Amino acid sequence: MAEFRLHGFGESGNAYKVALMLALSGADWELVPVAFFKGATREESWRANVNSMGEVPVLEHRGETLTQSGIILDYLATVLGKFGGKGEKEAREIWRWVLFDNHKFSSYYATLRFLYGLQKTGETPITEFLRGRAKSAFHILEKHLADRKFVVGDRLTIADLSLCGYAFYDEETGINRADFPNIEAWKARIAATPGWKPPYELMPRAAGG
Ligand SMILES: N[C@@H](CCC(=O)N[C@@H](CS)C(=O)NCC(=O)O)C(=O)O
């Protein structure tokens, strides 16, 4: 059995954030595939035994079970000694961006992609609303990246890994990537890191997706 066990599936950008962290750190890890589209995370037994919040990703390590991608990334930065903050101030700045990602960036964009790109709902008032919110978060990151290579400090940190999770998927969302050149350049820098792989090369798509 691998040292780190990640419960996830290919379409999950939140799981990809963790998979990428493990891959870029050269960790010994394996995927525990979750049949998300068949309702696995809604099953009572899954919630009782894996994650009471009913969410992926979940990381198992040394008898501990961790959930919430931000917490998992922070934990991995500590135990692997990679991509964490140098000092308290930087660590707080990383958390500021991880929280922004969870609340404003990944959340709206992932839900838009789920409806529009995966479920193919077509345009609805909900997808229009989500796109507006996602674009607003994109503009904030775009501006932040105008004069810097990475989100915090001058190197890759877990703030980048959190924010980039969904940005590497190609499913249609109705957002024109060419409108965000700084984000595209930032993604290229992340993709140039040794060990980087696109989402579906790190984790296969879930059954029934
Ligand atoms: N803030 C959480 C979000 C996790 C999340 O929403 N995961 C999705 C899959 S990508 C999920 O399991 N959703 C199930 C649900 O919302 O019922 C994190 O960063 O881990």
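Just so you know, our numbering puts the end of the sequence shown at 935, numbered straight through with nothing missing. The C-beta atom is built at its ideal place from N, Cα and C for all residues, glycine as well. Please read all numbers here as calculations on a predicted model, not as lab measurements.
- Distance from Ser832 to Gly891 at the Cβ level is roughly 6 Å; contact confirmed, criterion being Cβ atoms closer than 8 Å.
- Separation of the CB atoms of Asn908 and Ala860 is rounded to 16 Å, and the pair is thereby denied contact status at 8 Å.
- Counting other Cβ atoms within 10 Å of its Cβ, Leu746 reaches 16 or more and is therefore classed as buried.
- Residue side-chain check: Gly780 places its Cβ nearer than 7 Å to a non-hydrogen atom of ligand 1.
- Using a Cβ distance threshold of 8 Å, Tyr842 and Glu898 count as a contacting pair.
- If you ignore the 5 residues before and after Leu838, its C-beta comes within less than 7 Å of the C-beta of Thr853, Leu856, Arg857, Ala860, Thr899, all in its own chain and listed in chain order.
- Short of 7 Å from the beta carbon of Thr791, and not among the five residues preceding or following it, lie these beta carbons of its own chain, in chain order: Val784.
- In the DSSP assignment, Thr791 falls within the beta strand (DSSP E) that extends over 790–793.
- In the structure shown, the three-state DSSP call for Glu756 is strand.
- The C-alpha of Lys812 is placed about 37 Å away from the C-alpha of Ala932.
- In the DSSP assignment, His865 falls within the alpha helix (DSSP H) that extends over 851–870.
- Taking the Cβ atoms as the reference, Ile884 lies roughly 13 Å from Phe826, outside the contact range of under 8 Å.
- For Leu844, no beta strand (DSSP E) segment is defined, and its DSSP state is neither H nor E.
- In this structure, Arg788 sits away from Val758, with a CB-CB distance that is not shorter than 8 Å.
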